Every structure is written in structure tokens, then in C-alpha cells.
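Right, one structure below, let's go through it.
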Amino acid sequence: MRRLREFKVTAFQAGLVMGLGAALIQAYFEIIPPPAYGICMVCHPKDLVNWISDHLLGTTWGNVTVSVDWPVMTVLGIVLGAYVAARRNGEFRVEPAREPIYHFITGFLVINFGLILGSCPIRIIIVSSYGSLIGIVGYACMIIGVVLGSAWLRRRARRQVRERMQK
Amino acid sequence: MKVGIVTLVFGFVIGYLGQRARLCYIAGYRDFFLTRDTYILKGMLGTIVGAVGGFVLFNFLGGNVPGFPMLLDTPGMNLRSAWLFAMVGGLGLGFFGCLSGGCPYRLHIMAAEGKKTFWAYGLGFYLGLIYFNVVTTRVLEWVVQALR
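The following block contains the structure:
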């Protein structure tokens with residue numbers, strides 16, 4: 001089989017495809033309600049896990065309307081797509097874990113705060129584009145959170161450098 | 168059936184593009200704040216342009232875009248708890264997302280590239296999801312009742 005030619009894509013083009021695609025699958029492929037639900041990296045995993053758990057283990061965690069009959073499987077698609085892309089471009093490399101406990105805890109906190117907000121950093125953009133005022137407020141708060149987090153990272157890095165200089 | 172297939176195919180496309188473009192929805196703001204690098208920030212701009220353009224266009228063409236633009240008709244608008252959740256959730260997601268090194272989308276892609284660091288992240292992510300279903304939901308229900 002002849003391989004497809006590898007193409008270059010910038011962040012702007014990829015973002016454009018994501019925004020347009022999220023609008024498209026809502027408008028013509030019935031990924032609604034809730035509105036503006038085309039991509040979400042915290043709600044879609046939740047739907048998938050809840051669906052599997054409700055059907056296999058008999059829990060009653062419940063789901064949004066879209067995912068009652070069949071769950072949304074965006075997460076599987078993303079992991080699969082990224083794996084194929086990494087494999088085809090020779091970027092797939094199993095690397096040992098660095099600070100696994102730190103990343104475990106941040107992952108734990110990210111999903112909990114994400115579900116309190118009800119959207120991931122991608123869906124908050126799509127919800128804001130849909131014109132939702134609560135979405136815009138959440139988006140502004142998220143940017144403030146990122147700025148605070150960046151300031152924290154910078155402070156930590158500076159302190160580490162200072163400690164290393166003193167040794 | 169249709170929902171599963173559509174989202175799987177769309178997920179594959181954006182997973183592939185995201186891996187090629189190194190798109191991340193938290194690193195964009197972080198890089199701009201720390202180093203004034205705008206490469207990833209342009210991805211966010213692209214998403215806003217694509218989503219707004221898409222919704223306006225499909226609304227015009229008669230697609231299924233109910234209540235667009237929402238503005239003051241946002242569901243849950245008159246609940247005080249909804250505003251609180253938006254602010255607390257947004258701040259927490261931004262802060263801890265920044266500490267974890269990127270948005271969940273980017274870190275799933277990094278995990279698929281074989282970096283075991285982000286397998287640990289994924290483990291925390293999915294255990295946190297179960298924790299949310301069991302514990303955090305109860306707390307949120309209590310807050311909704313208290314602020315009513």
C-alpha cells in the first residue's frame with residue numbers, strides 16, 4: 001500500500017479544524033444536547049466511563065442525553081489518532097516516568113475541577129463561542145488560573161536555580 | 168451507534184492533527200505569559216474563529232444550532248451556584264492544568280506518544296473521575312441546595 005504523503009500543519013490550522021469540526025458535528029451529526037458538546041476532554045471521558053460502569057457494574061452515575069444509548073468515544077479516537085501520528089513520524093518512544101506521583105495528583109485535581117466547571121479548556125472556548133455568559137466567565141477565570149499557575153512555576157524554577165547556585 | 172462512530176472518527180482526526188501541531192489549550196496562555204511565544208496561542212485563536220464561524224454559518228444554513236447566541240438565556244444562569252462553579256472550576260482547572268504541564272487533550276496525546284509520565288497522569292485522571300462520581304457530586308449537590 002502506498003503511504004499518504006506526510007503533511008505539515010500549524011497550530012492555527014489545527015485549531016481551526018477543531019472549532020469548525022465541533023460546530024459541524026453538533027449541527028449535522030446530532031451531538032446535542034447539551035449544546036456546544038463537540039469536543040470535551042473531561043466530559044467525554046466521564047460519559048464513556050459512566051456508560052461502561054452503568055452497563056457492566058450496575059452503578060447509577062447517569063449520563064447526558066447524547067451518551068445514553070451509545071457513549072461518545074472522542075477520547076479513544078484522540079489516543080488512537082495521536083498514536084498513529086506518532087508511529088508514522090517516528091516520534092513514538094516509551095520513556096520512563098518522571099515525578100509520577102506529582103503527575104498523578106495533578107491529574108486527579110484537573111479532572112475534579114474540570115468537572116466542577118463542566119468543561120475542559122477546549123470546550124470552554126466552544127461554549128464561549130456559543131455565546132454563553134457563564135462560559136465566558138469560566139473562560140476568563142481559567143486564563144487567570146493559568147497566569148497564576150505560570151507565575152508559580154516561574155517562582156519554583158527560580159528557587160531551584162538559586163539553590164543549585166548556592167551548592 | 169451513530170454518536171459513537173462520529174465522535175470516534177472526529178477524535179481520530181483531531182488526535183492526529185493535535186500530535187502534528189503540538190496544540191495545547193493551556194500551554195498557549197502559559198507560553199505567552201512566560202516567554203511571549205505566540206505559536207500555540209494562534210491555535211486558540213483558530214479554535215475561536217472556527218467555532219464562531221461554524222456556529223454562525225451552520226445556524227444560517229439551517230443546521231441544528233438551537234438558541235444561538237445564548238447570551239442571557241444560558242441554562243442555569245439564575246442559579247448562584249452555577250456562577251460559583253464556573254469561577255472555582257475555572258480557576259482550579261487553569262492553575263492545576265498549568266502545574267500538570269498542559270491541558271487534558273495534550274497530555275492524552277503525550278501519553279499516546281509513549282511518555283510514561285503521562286500514563287501516571289492518566290491514572291490519576293481516571294481515578295479522579297471515579298472520585299468525582301462518588302464524592303464530589305454529593306458536595307456539589309449540597310452546595311446547590313445551600314445557595315438556592
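Residue numbers (the numbering used here), protein chains in the order written: chain R, 1 to 167; chain V, 168 to 315.
Note that beta-carbon positions come from the ideal geometry of N, C-alpha and C, so glycine has one too.
Since we're looking at a predicted model, the values are computed, not measured.
Among the candidates the options, whose CA atom is the shortest distance from the CA of residue i?
{"i": "R:Ile-143", "options": "V:Phe-200, V:Val-310, V:Gly-281 and V:Leu-238", "result": "V:Phe-200"}
{"i": "R:Tyr-37", "options": "R:Ala-151, R:Arg-156, R:Thr-74 and R:Phe-113", "result": "R:Thr-74"}
{"i": "V:Tyr-288", "options": "R:Gly-21, R:Gln-26 and R:Glu-99", "result": "R:Glu-99"}
{"i": "R:Cys-40", "options": "V:Met-168, V:Trp-286 and V:Gly-178", "result": "V:Gly-178"}
{"i": "V:Val-173", "options": "R:Thr-106, R:Trp-152 and R:Ser-67", "result": "R:Ser-67"}
{"i": "V:Leu-239", "options": "R:Gly-131, R:Val-79, R:Arg-154 and R:Thr-59", "result": "R:Gly-131"}
{"i": "V:Leu-246", "options": "V:Leu-314, V:Val-301 and V:Val-170", "result": "V:Leu-314"}
{"i": "V:Phe-222", "options": "R:Leu-24, R:Thr-60, R:Gly-77 and R:Leu-56", "result": "R:Leu-24"}
{"i": "R:Gly-149", "options": "V:Gly-264, V:Phe-227, V:Ile-181 and V:Glu-280", "result": "V:Gly-264"}
{"i": "V:Thr-303", "options": "R:Val-110, R:Ala-82, R:Ser-128 and R:Leu-56", "result": "R:Val-110"}
{"i": "V:Thr-202", "options": "R:Arg-154, R:His-103, R:Gly-58 and R:Ile-124", "result": "R:Arg-154"}
{"i": "R:Ala-157", "options": "V:Leu-266, V:Trp-286, V:Leu-290 and V:Tyr-293", "result": "V:Leu-266"}
{"i": "V:Phe-292", "options": "R:Ile-134, R:Ala-82, R:Phe-108 and R:Gly-135", "result": "R:Phe-108"}
{"i": "V:Ile-193", "options": "R:Ile-124, R:Gly-21, R:Leu-57 and R:Ile-105", "result": "R:Ile-124"}
{"i": "V:Ser-207", "options": "V:Asn-231, V:Gly-220 and V:Gly-269", "result": "For the sequence presented, residue 207 of chain V should be read as Ile rather than Ser. Nearest of V:Asn-231, V:Gly-220 and V:Gly-269 to V:Ile-207, Cα basis: V:Gly-269."}
{"i": "V:Val-180", "options": "R:Asp-47, R:Ala-82 and R:His-55", "result": "R:Ala-82"}
{"i": "V:Met-237", "options": "R:Gln-166, R:Leu-133 and R:Leu-48", "result": "R:Leu-133"}
Please work out which residues of its chain come closer than 6 Å, Cβ to Cβ, to residue i, disregarding the five sequence neighbours upstream and downstream, and give them in chain order.
{"i": "V:Arg-273", "result": "Cys-191"}
{"i": "R:Ala-140", "result": "none"}
{"i": "R:Gly-114", "result": "Val-42 and Cys-120"}
{"i": "R:Thr-65", "result": "Pro-33"}
{"i": "V:Gly-185", "result": "Ile-276"}
{"i": "R:Ser-128", "result": "Gly-135, Ile-136 and Tyr-139"}
Which residues in the same chain have their Cβ closer than 8 Å to the Cβ of residue i, if we skip the five residues on either side of it in sequence?
{"i": "R:Ala-11", "result": "none"}
{"i": "R:Gln-26", "result": "Ile-32, Pro-35, Ala-36, Tyr-37 and Gly-38"}
{"i": "R:Gly-21", "result": "Gly-38 and Ile-39"}
Name the two residues that bound the continuous alpha helix (DSSP H) containing residue i.
{"i": "R:Trp-61", "result": "Where R:Trp-61 is concerned, there is no enclosing alpha helix (DSSP H), given that its DSSP letter is neither H nor E."}
{"i": "R:Arg-155", "result": "133-166"}
{"i": "V:Ile-181", "result": "169-188"}
{"i": "V:Val-306", "result": "304-314"}
{"i": "V:Cys-155", "result": "The shown model of chain V, from 168 to 315, leaves out residue 155 of chain V, and the question about it has no answer."}
{"i": "R:Ala-97", "result": "R:Ala-97 -> no alpha helix (DSSP H), and no H or E assigned at all."}
{"i": "V:Thr-241", "result": "No alpha helix (DSSP H) holds V:Thr-241; DSSP gives it neither H nor E."}
{"i": "V:Thr-202", "result": "194-202"}
{"i": "V:Asn-226", "result": "208-228"}
{"i": "V:Phe-299", "result": "Taken as a continuous stretch (DSSP letters only), V:Phe-299 belongs to no alpha helix (DSSP H), as it is neither H nor E."}
{"i": "R:Phe-12", "result": "11-29"}
{"i": "R:Ile-126", "result": "121-129"}
{"i": "V:Met-277", "result": "271-279"}
{"i": "R:Ala-85", "result": "74-88"}
Between residue i and residue j, which are expected to be in contact by the criterion C-beta below 8 Å, what is the C-beta distance as a whole number of angstroms?
{"i": "V:Val-216", "j": "R:Leu-16", "result": "6 Å"}
{"i": "V:Ala-218", "j": "R:Ile-126", "result": "5 Å"}
{"i": "V:Arg-187", "j": "R:Val-9", "result": "5 Å"}
{"i": "R:Leu-117", "j": "V:Leu-296", "result": "With a Cβ gap of about 14 Å, R:Leu-117 and V:Leu-296 do not count as contacting."}
{"i": "V:Lys-283", "j": "R:Glu-95", "result": "6 Å"}
{"i": "R:Met-18", "j": "V:Thr-214", "result": "5 Å"}
{"i": "R:Tyr-28", "j": "V:Gly-230", "result": "6 Å"}
{"i": "V:Gly-210", "j": "R:Val-79", "result": "With a Cβ gap of about 19 Å, V:Gly-210 and R:Val-79 do not count as contacting."}
Check the Cβ of residue i against every Cβ in chain V and list those closer than 8 Å, keeping chain order.
{"i": "R:Val-64", "result": "Within 8 Å Cβ-Cβ: nothing; R:Val-64 doesn't reach chain V, min ~11 Å."}
{"i": "R:Arg-154", "result": "Leu-201"}
{"i": "R:Ile-122", "result": "Tyr-192, Thr-214, Cys-270 and Tyr-272"}
By the criterion of Cβ-Cβ separation under 9 Å, what are the contact partners of residue i in chain V?
{"i": "R:Glu-169", "result": "Residue 169 of chain R lies beyond the stretch modelled for chain R, which goes from 1 to 167, so this question has no answer here."}
{"i": "R:Arg-158", "result": "In chain order: nothing, as chain V lies at least about 12 Å away."}
{"i": "R:Arg-93", "result": "Glu-280, Gly-281 and Lys-282"}
{"i": "R:Gly-81", "result": "Gly-178, Phe-179, Val-180, Ile-181, Gly-182, Tyr-183, Leu-184, Gly-185, Gln-186, Ile-276 and Ala-279"}
{"i": "R:Leu-57", "result": "Under the 9 Å cutoff, chain V gives no residues; its nearest Cβ is about 11 Å from R:Leu-57."}
{"i": "R:Ile-178", "result": "The structure shown does not extend to residue 178 of chain R, since chain R is modelled only from 1 to 167, so the question has no answer here."}
Under 7 Å Cβ to Cβ from residue i, same chain only, skipping five residues before and after it: list those, please.
{"i": "V:Trp-309", "result": "none"}
{"i": "V:Asp-204", "result": "Asp-198"}
{"i": "R:Pro-45", "result": "Val-75"}
{"i": "V:Asn-300", "result": "none"}
{"i": "R:Trp-51", "result": "Asn-63, Ser-67 and Pro-71"}
{"i": "R:Ser-53", "result": "Thr-59 and Trp-61"}
List, in chain order, every chain R residue whose beta-carbon is nearer than 8 Å to that of residue i.
{"i": "V:Phe-292", "result": "Pro-45, Gly-107, Phe-108, Val-110 and Ile-111"}
{"i": "V:Trp-250", "result": "Ile-134 and Val-137"}
Please list, in chain order, the chain R residues whose beta carbon lies closer than 9 Å to that of residue i.
{"i": "V:Val-232", "result": "Ala-23, Gln-26, Ala-27, Ile-32, Pro-35 and Tyr-130"}
{"i": "V:Val-316", "result": "Given that chain V is displayed from residue 168 to residue 315, the structure contains no residue 316 of chain V and the question cannot be resolved."}
{"i": "V:Phe-227", "result": "The premise fails here: V:Phe-227 is roughly 11 Å from chain R at the closest Cβ pair, so nothing lies under 9 Å."}
{"i": "V:Arg-305", "result": "The premise fails here: V:Arg-305 is roughly 12 Å from chain R at the closest Cβ pair, so nothing lies under 9 Å."}
For residue i, return the contacting residues in chain R, with the cut-off set at a CB-CB distance below 7 Å.
{"i": "V:Asn-245", "result": "Here the premise fails: no neighbours, minimum Cβ distance about 11 Å."}
{"i": "V:Ala-313", "result": "Neighbours of V:Ala-313 on chain R: none; closest Cβ ~15 Å, over 7 Å."}
Mind checking whether the beta-carbon of residue i lies closer than 7 Å to any heavy atom of the ligand GDP?
{"i": "V:Ile-276", "result": "In the structure shown, the ligand GDP is absent, as is every other ligand, since no ligand is present at all."}
| field | Residues within the region 11-29 of chain R neighbouring chain A, beta-carbon criterion of under 8 Å | value | Protein chains in the displayed structure are R and V, and chain A is not among them.
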